[in-house]
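Position 68 of the sequence shown, counting from 1, maps to 53 under our numbering, and the rest follow consecutively.
The beta carbon of each residue, even a glycine, is placed where N, CA and C say it ideally should be.
Predicted, not measured: the structure shown is a model, and the values here were computed from it.
In what follows, a structure is listed as C-alpha coordinates, so that the remarks can point back to it.
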Amino acid sequence: MKKKKNMNFRTYYNQLADLNPQTELRDEICKEIGIAISTFYLKLRSNSFNYLEKKEIAKITGKKIDELFPK
(Lines of atoms letter the chains of each structure in order from A and count residues from 1; the text may use other names and numbers.)
(Lines give C-alpha, C1' and ligand atoms only; values in the text may rest on other atoms or scores of the structure.)
Protein backbone atom coordinates (compact mmCIF):
# COMPACT_ATOMS: atom_id res chain seq x y z
CA MET A 1 0.00 0.00 0.00
CA LYS A 2 1.45 3.34 -1.05
CA LYS A 3 1.51 6.14 1.46
CA LYS A 4 0.01 9.35 0.08
CA LYS A 5 2.49 12.20 0.27
CA ASN A 6 1.10 15.37 1.81
CA MET A 7 0.82 18.22 -0.64
CA ASN A 8 2.12 21.62 0.32
CA PHE A 9 3.27 24.64 -1.64
CA ARG A 10 6.91 23.56 -1.69
CA THR A 11 5.94 20.13 -3.04
CA TYR A 12 3.60 21.72 -5.58
CA TYR A 13 6.33 24.10 -6.73
CA ASN A 14 8.98 21.37 -6.96
CA GLN A 15 6.66 19.07 -8.92
CA LEU A 16 6.17 21.52 -11.76
CA ALA A 17 7.45 19.48 -14.66
CA ASP A 18 9.48 22.10 -16.42
CA LEU A 19 11.79 24.85 -15.21
CA ASN A 20 9.87 27.46 -17.22
CA PRO A 21 6.56 27.02 -15.32
CA GLN A 22 8.50 27.26 -12.05
CA THR A 23 10.14 30.48 -13.18
CA GLU A 24 6.86 31.95 -14.40
CA LEU A 25 5.09 31.04 -11.16
CA ARG A 26 7.93 32.41 -9.02
CA ASP A 27 8.04 35.67 -10.98
CA GLU A 28 4.28 36.16 -10.78
CA ILE A 29 4.23 35.48 -7.04
CA CYS A 30 7.14 37.86 -6.42
CA LYS A 31 5.44 40.57 -8.46
CA GLU A 32 2.03 40.15 -6.83
CA ILE A 33 3.21 40.01 -3.22
CA GLY A 34 6.08 42.44 -3.70
CA ILE A 35 9.09 40.37 -2.66
CA ALA A 36 12.51 39.72 -4.15
CA ILE A 37 13.36 36.36 -5.71
CA SER A 38 15.82 35.62 -2.90
CA THR A 39 13.06 36.28 -0.35
CA PHE A 40 10.74 33.93 -2.24
CA TYR A 41 13.24 31.07 -1.95
CA LEU A 42 13.85 31.83 1.73
CA LYS A 43 10.12 31.76 2.44
CA LEU A 44 9.69 28.63 0.30
CA ARG A 45 12.43 26.74 2.20
CA SER A 46 11.19 27.82 5.63
CA ASN A 47 7.47 27.84 4.78
CA SER A 48 7.21 31.33 6.24
CA PHE A 49 4.70 33.01 3.95
CA ASN A 50 2.23 35.11 5.94
CA TYR A 51 -1.54 34.67 5.56
CA LEU A 52 -1.99 37.39 2.91
CA GLU A 53 0.90 35.96 0.87
CA LYS A 54 -0.59 32.47 1.17
CA LYS A 55 -3.95 33.81 0.05
CA GLU A 56 -2.38 35.42 -3.04
CA ILE A 57 -0.37 32.27 -3.85
CA ALA A 58 -3.55 30.19 -3.62
CA LYS A 59 -5.30 32.64 -5.97
CA ILE A 60 -2.43 32.49 -8.48
CA THR A 61 -2.19 28.68 -8.44
CA GLY A 62 -5.92 28.02 -8.32
CA LYS A 63 -5.43 25.77 -5.28
CA LYS A 64 -6.94 26.06 -1.80
CA ILE A 65 -4.82 27.64 0.94
CA ASP A 66 -5.27 24.55 3.14
CA GLU A 67 -4.05 22.34 0.32
CA LEU A 68 -0.88 24.36 -0.32
CA PHE A 69 -0.18 25.24 3.31
CA PRO A 70 -1.50 22.43 5.54
CA LYS A 71 -1.33 22.97 9.27
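Excluding five sequence neighbours on each side, which residues of the same chain lie with their C-beta closer than 6 Å to the C-beta of T24? Within the sequence shown, numbered from 1, the residue matching residue 24 stands at position 39. So no residue of the chain qualifies.
I believe E38 touches M(-8) by the beta-carbon criterion, under 8 Å. Please report the beta-carbon distance rounded to the nearest angstrom. As a working mapping, residue 38 is identified with position 53 in the sequence shown. As a working mapping, residue -8 is identified with position 7 in the sequence shown. Rounded, the Cβ-Cβ distance is 18 Å, inconsistent with contact.
For E41, which residues of its own chain have a beta-carbon under 6 Å away from its beta-carbon, when the five flanking residues on both sides are left out? As a first step, residue 41 must be located in the sequence shown, where it is residue number 56. So the qualifying residues of the chain are E17, I18.
Starting from the Cα of L29, find the closest Cα among R11, I45, K44, D3 and give me that residue. Translated into positions along the sequence shown, residue 29 becomes position 44. The residue with the shortest Cα to Cα distance from L29 is R11.
Would you kindly work out how many angstroms separate the C-alpha atoms of K44 and F54, rounded to a whole number? Start at 1 with the first residue of the sequence shown, and residue 44 comes out as number 59. Start at 1 with the first residue of the sequence shown, and residue 54 comes out as number 69. Computed Cα separation, rounded: 13 Å.
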